[in-house]
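Following: one structure in structure tokens, then a few remarks.
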Amino acid sequence: MSSLVRLGSSQQTNKGGLSLFTLSDHEILNQIYTTHVHDDEKFDVESLFIIVENILKRATVVVDNIVLGTQATVEHLEEKIPKASFSPPICTLKNISCEMQCKAPGEEIAHKTALSILSKLSNYSWDAKAVLTLAAFALDYGEFWLLAQIQSSDQLAKSVGTLKRVPILLKRPTLQKHKQALIELNNVIKATLEVIECIFELEKLSNHDIKDVPALSTGMEHIPVDVYWAIVTVVASTTQLCCLINDEEKKPELSPFSQKLNIIVTKLKRHITIIRQQIEETEAYWKLVKVFRTPTEIMEVFKGLIYTKDSVQPLIDGSTKKPVNIDVLKKKNVLLFISSLDITEEDISILRPIHDTIKKEDQYKIVWIPIVEQWTEDLQRKFEILRSKMPWYVVQYYSPIAGIRFIKEKWHFKGKPTVVVLNHQGKVECENAMHMIRVWGIKAYPFTSTVEETLSTSKEWIGSIGTGVHPSVENWIKDQKYIFFYGGKDNEWIQQFTKRATALANDPVIKEARISIELLCVGKGTKGEDNVGVLGRFWTGIESLFISKTQRKTETDAVSLEIQKLLSYKNESGWAVLSKGSTVVLSGHGTTILKVLEDLDKWKELVREKGFEVIFREYHNKVLHTAHICCRIDIPNTSGKIPENMKCPDCPRIMETYISFKCCHIDGTANGLH
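In the UniProt record's numbering, the protein residues as written are 1 to 674.
Have a look at this one:
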């Protein structure tokens with residue numbers, strides 16, 4: 001726990017003694033925990049606090065009027081009513097009051113007195129300890145200023161007031177002399193009251209499950225220390241009142257206590273705000289869980305997902321840049337484009353052809369939902385820039401959306417753009433269509449899980465990815481040519497592979513068999529220059545295929561294993577995929593695939609007998625069995641649902657799981673790399 005801030009200059013007056021304001025939270029806890037046995041002493045602490053509030057809020061107004069000469073009235077103050085059955089613990093209050101009376105000024109004395117009070121209240125809850133101590137003070141403070149009000153018109157009050165030394169303090173010279181001290185006392189009482197109000201509020205909120213409201217843990221663990229500071233401040237305030245009544249020169253310095261309590265109030269209010277926000281999120285979460293069990297209308301689902309309570313606001317129509325009522329979604333199928341503000345032009349461009357196609361029939365709508373935990377002016381400006389690039393509907397809501405927890409937990413949103421498809425009733429048709437849209441584009445229409453299931457078993461997956469790598473691929477696929485897609489981290493390997501693959505394509509035996517082979521080095525331009533964007537799109541497409549397959553929860557098939565195998569080569573020195581048209585023949589590690597090409601003379605004569613595909617695959621399998629290459633697959637943690645385990649694509653074993661961390665020193669995913 002952090003050390004407490006040094007406040008004021010009062011510690012300088014405690015030469016050789018204890019200075020409260022240099023104690024750390026940990027040091028205070030060590031001392032006060034020894035005084036706490038268990039809180040089995042039950043009484044109506046809420047009713048007592050209501051009475052204390054009523055007394056002190058009115059007494060402080062009276063003091064302000066007398067000392068500052070204001071004319072404030074107490075009629076505007078809310079009169080809270082305690083339970084009719086409430087019976088105040090008068091003996092306990094008298095005992096605490098007696099403990100605090102007539103103490104000499106000094107932080108060490110105040111500290112010892114506070115510990116003594118905590119020991120007397122060892123069986124009470126922490127909030128009850130604070131309220132009882134403040135109630136004991138309120139009993140004296142309230143009585144003093146009540147007598148000050150009515151002594152001039154009531155003989156009994158005048159006599160009792162004389163015993164209480166009320167007339168002495170109310171003499172004009174004395175009042176002027178102690179004016180600043182009285183103002184300080186009044187202010188510190190108000191601050192103490194505010195601290196205990198916050199502690200009370202936290203105690204009420206603590207009824208919620210800490211699993212749903214994790215901020216409760218942080219808020220509640222500081223309460224014992226906060227109660228200590230409230231009690232020690234009340235002790236110092238009592239000493240101040242005694243000194244004023246006795247017209248003494250030496251008095252406690254209350255401003256450091258006031259500063260400390262103001263810091264505590266700020267901290268407690270911050271905790272309360274966060275806790276209430278988490279409670280609202282929890283309530284919205286369970287409401288959405290219920291709604292999605294039996295959805296009936298897309299509008300109701302959308303409202304519950306975005307807006308808190310009755311704060312429904314219009315959408316922004318990206319095509320006109322004007323606000324529109326959310327009724328535009330009524331009876332429509334909706335693609336929820338969910339992302340942070342760290343998205344790229346490419347993320348947006350992927351959805352543009354989808355939007356252009358589906359808008360013709362007007363049965364599907366795209367809505368961008370930006371996920372922002374805490375909005376700032378800079379983030380709002382960034383949002384406006386991104387919004388201007390989108391032709392579809394946009395949620396413009398500068399508060400955390402109501403369903404943020406639901407989106408993270410149920411739809412596995414971790415920052416990467418995702419597309420959740422809802423039908424006109426609000427039923428989820430696909431939890432994340434972004435991966436199949438990224439690979440298949442409009443071919444994935446209408447973007448349901450059924451379509452994803454069909455596409456994920458297609459053997460022609462390399463065609464969809466390859467056409468985005470180079471414009472010639474589309475024609476090669478139409479002509480059913482063999483294509484080597486290849487690349488890697490090692491430029492020397494790439495040069496060797498290019499040389500050997502070119503030799504293969506030009507070999508007389510291969511030519512005689514009328515086999516046409518094209519080469520495409522992924523990530524290299526026509527002149528051999530690096531094209532990081534193309535390389536990024538290629539691997540993003542492979543990852544999307546992989547994730548699309550794994551989130552289907554289907555049995556591992558040949559297509560899945562081939563995609564897994566290729567993904568495992570992403571960070572290797574070399575890799576290659578051989579396809580015929582858009583159908584994958586095989587994919588291989590740089591070491592094994594290059595060995596097959598180097599041994600061309602050993603197997604090429606069998607092409608006439610067995611066919612190019614068969615003999616190439618057979619020889620590669622033969623090489624594979626003599627090599628020992630570890631298979632490693634890196635899956636970005638932001639990709640959504642991660643499989644718990646994975647079968648190796650090269651052998652029947654279950655792969656081991658590791659956690660790694662990576663930083664490319666760039667913001668977002670501007671270059672498409674992960």
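Note that the Cβ used here is the ideal one computed from N, Cα and C, for glycine as well.
Counting along the chain, no beta strand (DSSP E) covers T233; the unbroken alpha helix (DSSP H) around it starts and ends at I223 to I245. Buried is the label assigned to H589, since at least 16 other Cβ atoms lie within 10 Å of its Cβ. Counting only runs that start and end inside the stretch 35-114, the alpha helix (DSSP H) elements of at least 4 residues fall at 45-68 and 90-100. Contact annotation, E518 with W575: C-beta distance approximately 17 Å; criterion of less than 8 Å not satisfied. Partner residues in the beta bridge of F485, as assigned by DSSP, are L520 and V577. Residue pairing by DSSP puts I338 in a beta bridge opposite I369 and T418.
Beta-bridge analysis with DSSP links G588 to A576. A distance of 8 Å or more separates the beta carbons of V188 and L268.
Boundaries of the beta strand (DSSP E) harbouring I316: L315 to D317, taken from the DSSP string.
Two segments are said to touch when three or more pairs of C-beta atoms, one from each, lie closer than 8 Å; by this definition the stretch 444-462 touches the stretch 417-432. Between G463 and the set P252, G441 and E452, the nearest pair of CA atoms involves G441.
The Cβ atoms of E107 and S19 lie closer than 8 Å to each other.
The closest CA to that of R172, considering only V67, V291, D378 and K94, is found on V67. When secondary structure is reduced to three states using DSSP, V469 falls in the coil class, being assigned neither helix nor strand.
Taken atom to atom, the span from the alpha-carbon of L305 to that of Q313 is near 13 Å. Annotation for K322: the continuous beta strand (DSSP E) segment containing it runs K322 to V324.
A191 and S258 do touch by the CB rule: their CB atoms are close to 5 Å apart, below 8 Å. In this structure D226 is buried. Its beta-carbon is surrounded by 16 or more other beta-carbon atoms within 10 angstroms. Sequence-distant partners of V63 (beyond 5 residues in either direction) whose C-beta falls short of 7 Å from its own C-beta, in its chain, are W145, L182 and N186. For D490, same chain residues with a beta-carbon under 8 Å away, outside a window of 5 residues either side, are S573, G574 and G590 in chain order.
A Cβ-Cβ contact shorter than 8 Å links V419 with I437.
Annotated as proximal: C198 and V265, with beta-carbon spacing under 8 Å. In terms of Cα proximity to E543, the closest of L520, E248 and Y569 is Y569.
When secondary structure is reduced to three states using DSSP, T457 falls in the coil class, being assigned neither helix nor strand. The stretch 99-118 and the stretch 29-42 touch, with no fewer than 3 CB-CB distances between them shorter than 8 Å. In the DSSP annotation of this structure, E605 is not part of any beta strand (DSSP E), being labelled neither H nor E. For the beta strand (DSSP E) assignment, the uninterrupted runs of no fewer than 3 residues enclosed by the stretch 384-433 are, from N- to C-terminal side, 393-395, 418-422 and 428-430.
Straight across, the Cα-Cα distance linking S579 with E562 is about 12 Å.
For F484 and L520, the gap between their C-alpha atoms comes out near 6 Å.
For A59, the CB contacts under 7 Å within the same chain, skipping 5 residues up- and downstream, are Y141, G142 and W145 in chain order.
In this structure, W229 keeps its C-beta atom at 8 Å or more from the C-beta atom of K251. In its chain, beyond the 5 residues on either side, D212 have a beta carbon closer than 6 Å to the beta carbon of T282. Pairing V232 with H111 gives a Cβ-Cβ distance under 8 Å. Using a Cβ distance threshold of 8 Å, L335 and I298 do not count as a contacting pair. With fewer than 16 other Cβ atoms from the protein chains shown falling within 10 Å of its own Cβ, H625 counts as exposed. With fewer than 16 other beta carbons inside 10 angstroms of its own, A503 counts as exposed.
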